[in-house]
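Shown next, in structure tokens, is the structure this report addresses.
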Ligand code: NAD
Ligand code: ZN
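Structure follows, in structure tokens:
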């Protein structure tokens, strides 16, 4: 049977359901969480080709009326203002009303875009997340952040719009390219480092998860969602200045800088940038005298074992120090030239530090080549 994990928010609590084969029985699973058996599905063309028919059958079997099945092109470029506008026009043209739920079937791109459209169309429609990438199952589908990219940067327009229910069907991960699976696993490793016991599990079982082992994937998704749900419930709108949701940025100050330098052209996946960021965050923690000197090797050994890059030198391209430092200075919440990082005293002991001396970060990056 699927596992049900409550996300106890102050407004409406919801459940993350984790299991194999959920798409085929989606209607019965989501109906209790919705005001009516009416939906509009949003997907991307690749995912729709693989999994939309199963979902449509699974919904119709439970008496759902599907007002529309809309698709956008796969890829980050679909998180655009123009796709957002087209999507809302298409939803309204399909005759949706305020009881019609928007169902996102896809990775983080579809979830963020469809969620923002659900937050905006008719001032807010019920929303269902059916994440189909590991990244979306362990991270983006839980927490209520939705949005699109602007020319000024990623995720700069958006809304908090919590789903009524999340269905994480681990079976759909079998069609996911293995590089995407590994990239999503970087967020599992991040959650492991934040949580502690999950890190030990990662070191022992992570390789099974990235090899597609069903039980390992189920555990990775369930425990990741458990950690993320707890963090999100304690700080729903990322208002806690330290701790709270900010901790989820472990590895992301470095990761975002590397990703931005690569230009979001698919040459580096988000999770690959995060993996390098986790290794660098561990190294920075040692430099600051916060954790045991062996932690970076442990982190890098595990990430390498699951086929993720863990150091800048693991990437084919080189970066200039000045460019990476400039990116990190732009990465919000900087005070008096100091940088903000999530650092580790050890697995399960993360905290934010917003007065990191940039000279130490430069020295670290220089030593990494
Ligand atoms: P994605 O949605 O682009 O999916 C990656 C690729 O995998 C796409 O080509 C897609 O078509 C394909 N795909 C998806 N599911 C598949 C399946 N089951 N089988 C075969 N192919 C499949 O990328 P992603 O990594 O899932 O998400 C990245 C996005 O998530 C970014 O835009 C990022 O900003 C966002 N994000 C949001 C949050 C949040 O809290 N809202 C958190 C983290 C990331
Ligand atoms: Zn991330």
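In full-length UniProt numbering, the protein residues as written are 6 to 374. Built from N, CA and C at the ideal position, the CB exists for glycine as well.
* To do: Would you tell me roughly how many angstroms separate the C-alpha atoms of residue 251 and residue 169, rounded to the nearest one?
  => 24 Å
* Asked: Among the residues of its own chain, which have a CB less than 8 Å from the CB of residue 133, if the five just before and after it don't count?
  -> 35, 38, 39, 44, 106, 107, 108, 109, 168, 169, 170, 171, 172
* Roughly how many whole angstroms lie between the Cα atoms of residue 138 and residue 189? -> 7 Å
* CB of residue 180 within 9 Å of CB of residue 261, strictly -> Not closer than 9 Å, so no.
* Asked: Is residue 49 near residue 111, with beta carbons less than 9 Å apart?
  -> yes
* Nearest-angstrom Cα distance between residue 63 and residue 287? -> 45 Å
* To do: List the whole-angstrom C-beta distance separating residue 305 from residue 316, where the pair is believed to meet the contact cut-off of C-beta under 8 Å.
  => 6 Å
* Asked: Just how far apart, CA to CA, sit residue 2 and residue 237?
  -> Shown here, the chain extends from 6 to 374; a query on residue 2 therefore has no answer.
* Extent of the continuous beta strand (DSSP E) to which residue 19 belongs -> 19–24
* Check the DSSP bridge columns for residue 358 and list the partner residues they point to. => 346
* Would the C-beta of residue 144 count as close to the ligand ZN, meaning under 8 Å from any of its heavy atoms? -> yes
* Asked: Are residue 226 and residue 12 closer than 9 Å when you measure CB to CB?
  -> no
* Secondary structure at residue 83, three-state DSSP: helix, strand or coil? -> Of the three classes helix, strand and coil, the one that applies to residue 83 here is helix, per DSSP.
* So, are the CB atoms of residue 142 and residue 41 less than 9 Å apart? -> no
* To do: Quickly, what does DSSP pair residue 213 with across the bridge? List them, please.
  => DSSP lists no partner for residue 213.
* For the beta strand (DSSP E) that residue 246 lies in, which residues bound it at each end? -> Where residue 246 is concerned, there is no enclosing beta strand (DSSP E), given that its DSSP letter is neither H nor E.
* What separation, rounded to the nearest whole angstrom, lies between the Cα atoms of residue 15 and residue 282? -> 32 Å
* Asked: Which term fits residue 314, buried or exposed, when burial requires 16 or more other beta carbons within 10 angstroms of its beta carbon?
  -> buried
* To do: Could you tell me whether any non-hydrogen atom of the ligand ZN is closer than 8 Å to the CB of residue 114?
  => no
* **Integer Cβ distance of residue 349 from residue 355, believed to fall under 8 Å** => 5 Å
* To do: Determine, using beta-carbon pairs with one atom in the region 215–235 and one in the region 323–336, whether at least three such pairs fall under 8 Å.
  => no
* Which value, in whole angstroms, describes the spacing of the CA atoms of residue 296 and residue 359? -> 17 Å
* Asked: Mind checking whether the beta-carbon of residue 233 lies closer than 8 Å to any heavy atom of the ligand ZN?
  -> no
* How many Å lie between residue 128 and residue 31 at the Cα? -> The alpha-carbon atoms of residue 128 and residue 31 are separated by roughly 26 Å.
* To do: With DSSP collapsed to three states, give me the class of residue 169.
  => coil
* **Cα-Cα separation between residue 233 and residue 200, rounded to whole angstroms** => 10 Å
* In chain order, what residues of the same chain lie with their CB nearer than 6 Å to the CB of residue 381, ignoring the 5 residues before and after it? -> The first residue shown for the chain is 6 and the last is 374, placing residue 381 beyond what the model contains.
* Asked: Cα-Cα, which of 82, 244, 218, 196 is closest to residue 156?
  -> 82
* Asked: Is it true that the CB of residue 21 sits closer than 9 Å to the CB of residue 10?
  -> yes
* Go to residue 49, then tell me how far its beta strand (DSSP E) extends in each direction, as first and last residue. => 43–49
* **Sequence-distant residues of its chain with Cβ nearer than 7 Å to residue 1 (five each side left out)** => Residue coverage of the chain in this structure runs from 6 to 374, which leaves residue 1 outside it and unanswerable.
* Supposed contact pair residue 146 and residue 116 - C-beta distance, whole angstroms, cut 8 Å -> 5 Å
* To do: Consult DSSP for residue 138 and reduce its assignment to one of helix, strand or coil.
  => coil
* To do: Check whether the Cβ of residue 74 sits closer than 8 Å to any heavy atom of the ligand PLP, and report yes or no.
  => Because the ligand PLP does not appear in the structure shown, any question about it cannot be addressed here, the ligands present being the ligand NAD and the ligand ZN.
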